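**Student:** Here the sequence shown is numbered in this note's numbering, starting from 79 and rising by one per residue.
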Amino acid sequence: MRRGLLLAALVGVLCVQGQYEKINSFHTDLTVAPDGQLTVTEKINIHAEGVEFKRGIVRRLPRTFTDHNGRDHRVAYEFTAVEANGAASPYHTETEGDDYVLYVGEKDTYLDPGDYAYTITYTTKGQVGFFPDFDEIYWNVNGNGWAFMVDSISALIHLPAAAQVKQTACYTGVLGSTETDCRDSIIDPRTVFFRGRTMGLYEGLTVAVGFQKGVVAEPPPPTFWEKHAVPLVGGFITLLLLLYYVITWFRHGRDPDKPTVIPLFEAPDGLSPASVGAVMNGGAANEQIAPAMISLAVKGYIRIEEEKEKMLLGLITKHTYTLRKLKPGSGLPKEEQELLNHMFGSGQDRYEITGTYDPSVQSMASAFRRTLRDQWHGFLNKGNNLRFLWVPVLSVIAAFIALIVLYNNTWEDNGVVYIIAFLAANLVFFVVYVKLIKKPSVEKQALRSKLLGFKMYLSATEEKQLQHFNPPAMTPEVFEKFLPYAIAFGVEEVWGDRFQDMISKALVDPNYRSGWYSGSIPHYGAFSRSMSSSLNSSVSSSSTPPSKSGGSGGGGSSGGGGGGGGGGGW
């Protein structure tokens with residue numbers, strides 16, 4: 079309590095002594111030329127203590143002017159003089175968002191505590207309002223972006239020599255306020271002086287002077303190009319790209335005729351289950367690990383032991399797989415040999431996959447994908463025609479930059495909407511083009527047709543559907559041999575149901591149990607589906623590192639018209 083009272087008293091003493099940063103006075107002298115150019119001189123006197131005003135002041139000026147129709151137009155500023163305490167001062171300018179920002183002072187030169195007088199002179203055009211019965215200067219004197227008290231604020235408006243003041247108004251307060259705690263004095267028919275009350279933080283003075291038409295040259299209406307440059311350019315480029323897409327697709331992207339698909343009863347060209355999955359899915363993925371592991375088990379290299387644990391009142395089942403090595407690998411497909419080497423390369427004969435992240439499983443999965451990718455990347459990507467994608471990518475980037483420049487330099491009301499529409503439309507066209515321009519090689523088409531024939535055999539719900547082609551009889555050996563392929567094709571449940579149907583018809587010994595799997599098998603269709611999905615899920619979970627958490631949980635108003643912005647120190 080005592081510390082709070084002491085702090086309050088100290089702040090009060092400092093305020094009485096004037097030891098806080100503020101704007102002592104802000105005066106604007108604005109002259110309107112017959113061609114509509116405004117010459118603005120701002121005299122800003124501050125008290126600095128090195129808190130915000132360290133090197134000098136910052137003046138922000140808005141880059142848009144809103145006319146009486148509510149339309150925003152781009153405006154520019156040219157600084158003709160910048161002074162500090164009556165002498166020319168170093169300064170630099172930057173564009174920050176919708177503001178043009180002037181920094182007065184030098185980066186390595188700091189102000190001593192005290193009062194400083196700054197004078198800024200600049201010119202700008204396009205900020206005179208033109209109405210049916212009168213023209214107007216509607217000017218935000220200091221802007222509503224100053225986080226300082228302003229003890230005194232005033233403005234002097236000079237109209238062209240032939241002008242006659244018709245009406246005046248002024249507004250004070252925060253942005254949007256209609257308060258009129260200010261007064262004006264008409265010094266002569268073309269000059270008006272305004273003074274406002276003391277301004278608090280983020281408060282400003284806005285003044286308005288109306289005068290007869292014909293004194294200031296009204297700019298010509300925007301041309302058709304100035305009004306519609308953004309959609310015209312965006313639409314033209316989009317049409318050119320569509321033409322490019324059609325021509326390149328017609329010449330290079332049309333797929334060759336697909337060979338006739340007929341049932342096959344063996345994997346074509348002796349492909350492994352993982353290779354089948356890679357060719358059918360267009361690349362190597364973790365989903366091909368499960369069929370590769372089961373292929374190793376069926377061939378007698380490993381034994382798979384599955385343990386199930388009920389969790390959350392039986393709502394979730396956790397699967398733990400223990401893989402036991404039965405014999406060393408020999409003559410295996412490269413990716414299957416890679417699995418054996420990673421799982422049992424250190425001499426152990428037991429490998430566990432629990433579904434919890436394990437760096438060794440991550441390493442094993444990465445090596446498996448790399449080996450499979452090395453075998454098939456060139457074959458699968460032959461005919462992708464990636465070289466044709468550079469033209470649309472670079473064109474859209476260049477067009478986007480051009481549209482931004484056009485929007486900043488024309489009178490387009492809906493430029494942002496048109497730019498977003500341009501990007502969205504071209505993104506859709508590009509995505510479609512990427513799919514269409516890919517042209518599978520004749521070899522790839524032939525292999526995929528063979529694989530589809532093999533899938534036709536494995537996915538047939540009843541064997542009699544294929545009797546015309548003399549399929550092999552369903553036996554335990556045939557079921558096990560092709561189970562990894564059925565998993566690779568995603569038809570393992572259908573394949574398992576067919577085998578279960580043979581057991582139900584007593585065509586297969588109902589007491590049959592595979593030697594490569596240890597676990598309950600109530601139904602081979604459900605077993606095949608469950609085995610595939612749970613093993614894939616366990617491998618995926620075990621090979622994916624956990625995510626890291628973050629470290630932190632009169633129709634006018636003050637601020638209307640041209641000018642404005644704000645400022646501060648730096």
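For every residue, glycine included, the Cβ atom is placed at its ideal position computed from N, Cα and C.
All values reported here derive from a predicted model rather than from experimental measurement.
When you compare only the Cα positions, how much space is there between I340 and L458?
**Tutor:** Here residue 340 refers to the residue found at position 262 of the sequence shown. Here residue 458 refers to the residue found at position 380 of the sequence shown. The alpha-carbon atoms of I340 and L458 are separated by roughly 22 angstroms.
**Student:** Quick one: give me the first and last residue of the alpha helix (DSSP H) that A524 is part of.
**Tutor:** Position 446 of the sequence shown, counted from the start, is the residue given in the question as residue 524. For A524, the uninterrupted alpha helix (DSSP H) run begins and ends at 520 to 537, by DSSP.
**Student:** Once the 5 residues before and after Y280 are set aside, which same chain residues still bring their CB inside 6 angstroms of it?
**Tutor:** By 1-based counting over the sequence shown, the position of residue 280 is 202. The residues are N222, V252.
**Student:** In its own chain, which residues sit with a C-beta less than 7 angstroms from the C-beta of L529, not counting the 5 before and 5 after it?
**Tutor:** Taking the first residue of the sequence shown as position 1, residue 529 is located at position 451. Taken in chain order, the residues that qualify are P346, V354, V357, M358.
**Student:** Which residues in the same chain as L237 place their Cβ atom closer than 6 angstroms to its Cβ, once the five residues preceding and following it in sequence are excluded?
**Tutor:** For the purposes of this step, residue 237 is identified with residue 159 of the sequence shown, where counting begins at 1. Excluding positions up to five away in sequence, the list reads V110, R268, F289.
**Student:** Express the C-alpha separation of K460 and Y595 in angstroms, rounding to a whole number.
**Tutor:** Here the question's residue 595 lines up with position 517 in the sequence shown. Here the question's residue 460 lines up with position 382 in the sequence shown. Going by the C-alpha atoms only, they are around 39 angstroms apart.
**Student:** Return helix, strand or coil for I340, following the three-state DSSP convention.
**Tutor:** Position 262 of the sequence shown, counted from the first residue, corresponds to residue 340. Reduced to three states, the DSSP call for I340 is coil.
**Student:** Closest to Y399 by CA distance: which of F157, F208, Y379, R428 is it?
**Tutor:** Here the question's residue 399 lines up with position 321 in the sequence shown. Y399 has its Cα closest to that of R428, out of F157, F208, Y379, R428.
**Student:** Is DSSP giving D213 helix, strand or coil here?
**Tutor:** Sequence index remark: in the sequence shown, residue 213 carries index 135 (1-based). Three-state result, D213: strand.
**Student:** Can you tell me whether G423 is buried or exposed, with buried defined as 16 or more other CB within 10 angstroms of its CB?
**Tutor:** Working through the sequence shown from its first residue, we reach residue 423 at position 345. The residue in question, G423, is exposed, as its Cβ has fewer than 16 Cβ neighbours within 10 Å.
**Student:** Does the region 564 to 583 come within contact of the region 533 to 540, defined as at least 3 CB pairs closer than 8 angstroms?
**Tutor:** yes
**Student:** Got a sec? Which residues, its chain only, sit under 6 angstroms from R332 by beta carbon, not counting five neighbours each side?
**Tutor:** The residue given as residue 332 occupies position 254 in the sequence shown. If we look at R332 and ignore the five residues flanking it on each side, it has no Cβ neighbours.
**Student:** Would you kindly check if the distance between the Cβ of S615 and the Cβ of I431 is under 8 angstroms?
**Tutor:** Your numbering for residue 431 matches position 353 in the sequence shown. Your numbering for residue 615 matches position 537 in the sequence shown. In this structure, S615 does not lie closer than 8 angstroms to I431 by Cβ.
**Student:** Quick one: what does DSSP say M442 is sitting in, helix, strand or coil?
**Tutor:** As a first step, residue 442 must be located in the sequence shown, where it is residue number 364. Helix, per DSSP.
**Student:** Which residues in the same chain have their Cβ closer than 6 angstroms to the Cβ of T106, if we skip the five residues on either side of it in sequence?
**Tutor:** The residue you call residue 106 lines up with position 28 of the sequence shown. E120, V219, A233.
**Student:** What are the start and end residues of the beta strand (DSSP E) that includes R261?
**Tutor:** In the sequence shown, the residue the question calls residue 261 occupies position 183. 260 to 266 is the extent of the beta strand (DSSP E) around R261.
**Student:** If you count every other CB in all the chains shown that lies within 10 Å of the CB of Q242, and 16 or more means buried, which is it?
**Tutor:** Looking up residue 242 in the sequence shown gives position 164. Q242 should be labelled exposed.
**Student:** Would you call T301 buried or exposed, if buried means 16 or more other Cβ atoms sit within 10 Å of its Cβ?
**Tutor:** Start at 1 with the first residue of the sequence shown, and residue 301 comes out as number 223. With fewer than 16 other Cβ atoms within 10 Å, it is exposed.
**Student:** Okay, do the region 305 to 322 and the region 374 to 387 touch, 3+ Cβ pairs below 8 angstroms being the bar?
**Tutor:** With the cut-off at 8 angstroms, the region 305 to 322 and the region 374 to 387 do not touch.
**Student:** Alpha carbon to alpha carbon, how far is H499 from V471?
**Tutor:** On the sequence shown, position 421 is the one that residue 499 refers to. On the sequence shown, position 393 is the one that residue 471 refers to. Note on identity: in this sequence residue 499 is Ala, with His being the wrong assignment. In a straight line, the C-alpha of A499 is about 16 angstroms away from that of V471.
**Student:** Checking the sheet assignment: what are the DSSP bridge partners for A126?
**Tutor:** Translated into the one-based positions of the sequence shown, residue 126 becomes position 48. Its beta-bridge partners are G192.
**Student:** Between the C-alpha atoms of E413 and T449, what's the straight-line distance to the nearest angstrom?
**Tutor:** Locating residue 413 in the sequence shown gives position 335, counting from the first residue. Locating residue 449 in the sequence shown gives position 371, counting from the first residue. Distance between the alpha carbons of E413 and T449 is about 6 angstroms.
**Student:** So the beta strand (DSSP E) Y249 belongs to, where does it begin and stop?
**Tutor:** Start at 1 with the first residue of the sequence shown, and residue 249 comes out as number 171. Counting along the chain, the beta strand (DSSP E) containing Y249 begins and ends at 243 to 251.
**Student:** List the endpoints of the continuous beta strand (DSSP E) containing H236.
**Tutor:** Position 158 of the sequence shown holds residue 236. Counting along the chain, the beta strand (DSSP E) containing H236 begins and ends at 228 to 236.
**Student:** Leaving out five residues before and five after V275 in sequence, what residues of the same chain have Cβ atoms less than 7 angstroms from its Cβ?
**Tutor:** Numbered from its first residue, the sequence shown carries residue 275 at position 197. Note that residue 275 is Arg in the sequence shown, not Val. Closer than 7 angstroms at the Cβ level, and outside the excluded window around R275, lie T250, D259, C260.
**Student:** When you compare only the Cα positions, how much space is there between K626 and T434?
**Tutor:** Translated into the one-based positions of the sequence shown, residue 626 becomes position 548. Translated into the one-based positions of the sequence shown, residue 434 becomes position 356. Residue confidence is low: K626 scores 45 on pLDDT, short of 50, so the model does not pin down where it sits. Its coordinate-derived value is still stated next. The alpha-carbon separation between K626 and T434 amounts to approximately 16 angstroms.
**Student:** Whose CA, out of N504, N102, L544, K583, lies closest to the CA of L317?
**Tutor:** Position 239 of the sequence shown, counting from 1, holds the residue named residue 317. The shortest C-alpha separation from L317 is found at N504.
**Student:** Let's see if you can read the secondary structure: which residues bound the alpha helix (DSSP H) around K583?
**Tutor:** Taking the sequence shown and counting its residues from 1, one reaches residue 583 at position 505. No alpha helix (DSSP H) contains K583, which DSSP labels as neither H nor E.
**Student:** Can you list, in chain order, the residues of its chain with a C-beta nearer than 7 angstroms to that of K559? Leave out the 5 residues immediately preceding and following it.
**Tutor:** Within the sequence shown, numbered from 1, the residue matching residue 559 stands at position 481. The residues are V376.
**Student:** What separation, rounded to the nearest whole angstrom, lies between the Cα atoms of M277 and A477?
**Tutor:** Stepping through the sequence shown from its first residue, residue 277 is reached at position 199. Stepping through the sequence shown from its first residue, residue 477 is reached at position 399. Whole-angstrom Cα-Cα distance: 46 angstroms.
**Student:** Going by DSSP, what residue range makes up the alpha helix (DSSP H) through Y399?
**Tutor:** As a working note, residue 399 is residue 321 in the sequence shown. From DSSP, Y399 is part of no alpha helix (DSSP H) but of the beta strand (DSSP E) over 394 to 403.
**Student:** So what's A362 in DSSP terms, helix, strand or just coil?
**Tutor:** Translated into positions along the sequence shown, residue 362 becomes position 284. Reduced to three states, the DSSP call for A362 is coil.
**Student:** Could you tell me which of E555, G597, G568, F567 sits nearest to M580, measuring between CA atoms?
**Tutor:** Along the sequence shown, read from residue 1 onward, the residue named residue 580 stands at position 502. Among E555, G597, G568, F567, the Cα nearest to that of M580 is on E555.
**Student:** Going by the DSSP bridge assignment, what does D177 pair with across the sheet?
**Tutor:** Working through the sequence shown from its first residue, we reach residue 177 at position 99. BP columns for D177 point to P140, E174.
**Student:** Can you tell me whether K100 is buried or exposed, with buried defined as 16 or more other CB within 10 angstroms of its CB?
**Tutor:** Residue numbering aside, residue 100 sits at position 22 when the sequence shown is read from its first letter. Result: buried.
**Student:** For the alpha helix (DSSP H) that V270 lies in, which residues bound it at each end?
**Tutor:** What you label residue 270 is simply residue 192 of the sequence shown in a count that begins at 1. Per DSSP, V270 belongs to no alpha helix (DSSP H); it is in the beta strand (DSSP E), 269 to 274.
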